[in-house]
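Enquirer:
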Amino acid sequence: MGKNNINLRTKFYNSIRNTDPAGVFSCTDKNNKKDLFLTYAYIVGLFEGDGFFTITKNGKYLTYELGIELSIRDVQLIYKIKSLLGIGVVSFRKIGQVEIVSLRIRNKNHLKNFILPIFDKYPMFSNKQYDYLRFRNALLSNIIYSTELPEYSRPNKILNDVTSIINASYFPAWLIGFIEAEGSFSFYKKNNLYLVASFDISKTEGVVIISAIKKYLSFTTSIYTDKFNNSKLKVSGVRSIENVIKFIDKAPVKLLGYKKLQYLLWIKQLRTIDKYSNKINIPSNY
Numbered sequence: 085m086g087k088n089n090i091n092l093r094t095k096f097y098n099s100i101r102n103t104d105p106a107g108v109f110s111c112t113d114k115n116n117k118k119d120l121f122l123t124y125a126y127i128v129g130l131f132e133g134d135g136f137f138t139i140t141k142n143g144k145y146l147t148y149e150l151g152i153e154l155s156i157r158d159v160q161l162i163y164k165i166k167s168l169l170g171i172g173v174v175s176f177r178k179i180g181q182v183e184i185v186s187l188r189i190r191n192k193n194h195l196k197n198f199i200l201p202i203f204d205k206y207p208m209f210s211n212k213q214y215d216y217l218r219f220r221n222a223l224l225s226n227i228i229y230s231t232e233l234p235e236y237s238r239p240n241k242i243l244n245d246v247t248s249i250i251n252a253s254y255f256p257a258w259l260i261g262f263i264e265a266e267g268s269f270s271f272y273k274k275n276n277l278y279l280v281a282s283f284d285i286s287k288t289e290g291v292v293i294i295s296a297i298k299k300y301l302s303f304t305t306s307i308y309t310d311k312f313n314n315s316k317l318k319v320s321g322v323r324s325i326e327n328v329i330k331f332i333d334k335a336p337v338k339l340l341g342y343k344k345l346q347y348l349l350w351i352k353q354l355r356t357i358d359k360y361s362n363k364i365n366i367p368s369n370y
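The sequence shown begins at 85 in this note's numbering and counts up one residue at a time.
1) For the putative contact between Leu-150 and Ile-189, defined by C-beta atoms under 8 Å, what is the C-beta separation to the nearest angstrom?
2) Compute the Euclidean distance between the alpha carbons of Lys-212 and Ser-253, then round it to the nearest angstrom.
3) On the criterion of 16 or more Cβ atoms from any shown chain inside 10 Å, does Asp-204 qualify as buried, or is it exposed?
4) Find the nearest neighbour of Arg-220 within the set Val-159, Phe-269, Thr-138 and Val-182, judged by alpha-carbon distance.
5) What number of angstroms, rounded off, separates the C-alpha of Ile-366 from the C-alpha of Tyr-278?
6) Taking contact to mean at least 3 C-beta pairs separated by less than 8 Å, is the region 150-161 in contact with the region 180-194?
7) DSSP three-state call for Asn-275: helix, strand or coil?
8) Would you give the residue range spanned by the alpha helix (DSSP H) that Thr-247 belongs to?
9) Taking one C-beta from the region 347-358 and one from the region 259-276 each time, how about it: are there three or more such pairs within less than 8 Å?
10) Find the nearest neighbour of Ser-315 within the set Asn-240, Arg-323 and Asp-284, judged by alpha-carbon distance.
11) Tell me the start and end of each unbroken beta strand (DSSP E) in the region 116-156 that is at least 3 residues and wholly inside, in chain order.
12) Tell me the DSSP secondary structure of Ile-227 in three-state form.
13) On the CB-based measure, 16 or more other CB atoms within 10 Å of its CB, does Phe-131 come out buried or exposed?
14) Apart from the five residues on each side of it in sequence, which residues of its chain come closer than 8 Å, Cβ to Cβ, to Ile-307?
15) Closest to Gly-172 by CA distance: which of Gln-181, Lys-178 and Asn-197 is it?
16) In the DSSP assignment, find the unbroken beta strand (DSSP E) run with Ile-188 in it and report its ends.
17) Based on the DSSP secondary-structure assignment, which residues constitute the bridge partners of Asp-284?
18) Going by other Cβ atoms of all chains shown within 10 Å of its Cβ, with 16 needed for buried, is Ile-249 buried or exposed?
19) For the putative contact between Tyr-360 and Val-322, defined by C-beta atoms under 8 Å, what is the C-beta separation to the nearest angstrom?
20) Under a Cβ-count criterion, where at least 16 other Cβ atoms within 10 Å of its own Cβ denotes burial, should Pro-256 be classed as buried or exposed?
21) With DSSP run on the structure shown, which of helix, strand or coil describes Val-159?
22) Just how far apart, CA to CA, sit Tyr-214 and Leu-146?
23) From Ile-202, Glu-326, Leu-217 and Lys-287, pick the residue whose C-alpha is nearest to that of Thr-309; which is it?
24) What residue from Lys-144, Gly-170, Lys-311 and Ile-165 has the CA that sits closest to Gly-129's CA?
25) What would DSSP say about Ser-253, mapped onto helix, strand or coil?
26) Identify, in the order they occur along the chain, each residue of the same chain with its Cβ nearer than 6 Å to the Cβ of Pro-239, setting aside the five sequence neighbours on each side.
27) Quick check on DSSP: helix, strand or coil for Ser-175?
28) In whole angstroms, what separates the C-alpha of Gly-170 from that of Asn-362?
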């Protein structure tokens, strides 16, 4: 796995730097490289959900950091992401009784040479992109002193509309990563009588993203936005559940973390409920 990831990283960065004319990719590679590279679009979707870009003042100097924090149940996912990127430091901490695992990247050369190319090739869709652009500009401008860093607050102007999001070529891979971060597969008992399947996805300050997901997956349920500006979509109808399964089954990349286990248990349970099993072609494996 490690060697394959090194080869993937090398080819990805070479392709961005236009060094492929020398024959970096074989014919077979050219047929497959798009799907391979979309693993990085998955990472962008994951970070759009749970990641962060920060510039913090450390005395008179600045510290640049990209990071992601997940529940300890996703420790294997954190190590997979570290392996795919080839950089970063894994650490553990507790918030109350909750164990957290994180991946952090602070080395400025690593940020410039490995992280920026990924997020430049596959831009984020939400206003978190503003955080990235500020981070990128300061990093490439070699701002090192805290007194030189301009004040910043994230703009409210929407960067993308629904159409531009769903028309992005990497949106399906991005969406798998975003589901890994912000999606949920579950069941609830209706009227205390029978099980109903549910797929939920949400994003704070993300009504446009959730609207794009709603349109892309042909959901008809209304989006609910709470007082904290968290927009949530919850579907349970047979057709909507079927659309979720079809999308995940045919997506160019796979779920990689705990959400994969949650999804597998979800479709296993679906097979036992006639309402779904009689109307949906539930895949036998994933």
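Idealized CB from N, CA, C, for every residue including glycine.
Treat the numbers as computed from the prediction; the structure is a model and nothing was measured.
Expert: Let me spell this out:
1) Numbered from its first residue, the sequence shown carries residue 150 at position 66. Numbered from its first residue, the sequence shown carries residue 189 at position 105. Contact holds; Cβ gap of about 5 Å.
2) Stepping through the sequence shown from its first residue, residue 212 is reached at position 128. Stepping through the sequence shown from its first residue, residue 253 is reached at position 169. About 20 Å.
3) Taking the first residue of the sequence shown as 1, we reach residue 204 at position 120. With fewer than 16 other Cβ atoms within 10 Å, it is exposed.
4) Locating residue 220 in the sequence shown gives position 136, where the first residue counts as 1. Nearest C-alpha to Arg-220: Thr-138.
5) The count along the sequence shown starts at 1 and reaches residue 366 at position 282. The count along the sequence shown starts at 1 and reaches residue 278 at position 194. C-alpha separation (whole angstroms): 20 Å.
6) Verdict: yes, contact present.
7) Residue 275 sits at position 191 when you count from the first residue of the sequence shown. For Asn-275, the three-state secondary structure derived from DSSP is coil.
8) Counting from one through the sequence shown, the residue named residue 247 turns up at place 163. 246-250 is the span of the alpha helix (DSSP H), which, as asked, contains Thr-247.
9) Counting Cβ pairs under 8 Å, three or more are found: they touch.
10) Along the sequence shown, one-based indexing puts residue 315 at 231. If we check each option's Cα against that of Ser-315, Asp-284 comes out closest.
11) List check, beta strand (DSSP E) in window: 135-142 and 145-155.
12) The count along the sequence shown starts at 1 and reaches residue 227 at position 143. Secondary structure of Ile-227 (DSSP, three-state): coil.
13) By 1-based counting over the sequence shown, the position of residue 131 is 47. Buried, since its Cβ has 16 or more Cβ neighbours within 10 Å.
14) Taking the sequence shown and counting its residues from 1, the one referred to as residue 307 is at position 223. Val-291, Ile-294, Ser-295, Lys-298, Ser-315, Lys-316 and Leu-317.
15) For the purposes of this step, residue 172 is taken as residue 88 along the sequence shown, with counting starting at 1. When only C-alpha atoms are compared, the closest one is Asn-197.
16) To locate residue 188, count along the sequence shown from 1; it is residue 104. The identity of residue 188 in the sequence shown is Arg, whereas the question assumes Ile. Per DSSP, Arg-188 belongs to the beta strand (DSSP E) from 182-189.
17) For the purposes of this step, residue 284 is identified with residue 200 of the sequence shown, where counting begins at 1. According to DSSP, which records beta bridges pairwise, Asp-284 is partnered with Ser-268 and Lys-318.
18) Stepping through the sequence shown from its first residue, residue 249 is reached at position 165. The residue in question, Ile-249, is buried, as its Cβ has 16 or more Cβ neighbours within 10 Å.
19) One-based indexing of the sequence shown puts residue 360 at position 276. One-based indexing of the sequence shown puts residue 322 at position 238. That belief holds up - the Cβ atoms of Tyr-360 and Val-322 are roughly 6 Å apart, short of 8 Å.
20) Residue mapping note: residue 256 aligns to position 172 of the sequence shown, counting from 1. By the 16-neighbour rule on beta-carbons within 10 angstroms, Pro-256 is buried.
21) One-based indexing of the sequence shown puts residue 159 at position 75. Here DSSP, grouped into helix, strand and coil, assigns Val-159 to helix.
22) Locating residue 214 in the sequence shown gives position 130, counting from the first residue. Locating residue 146 in the sequence shown gives position 62, counting from the first residue. Whole-angstrom Cα-Cα distance: 19 Å.
23) Position 225 of the sequence shown, counted from the first residue, corresponds to residue 309. That would be Lys-287, whose Cα lies nearest to the Cα of Thr-309.
24) For the purposes of this step, residue 129 is taken as residue 45 along the sequence shown, with counting starting at 1. Here the closest residue by C-alpha is Ile-165.
25) Position 169 of the sequence shown, counting from 1, holds the residue named residue 253. Coil, per DSSP.
26) The count along the sequence shown starts at 1 and reaches residue 239 at position 155. Here the set comprises Tyr-214.
27) For the purposes of this step, residue 175 is taken as the residue at position 91 of the sequence shown. For Ser-175, the three-state secondary structure derived from DSSP is strand.
28) Mapped onto the sequence shown, residue 170 falls at position 86. Mapped onto the sequence shown, residue 362 falls at position 278. Approximately 45 Å between the Cα atoms of the pair.
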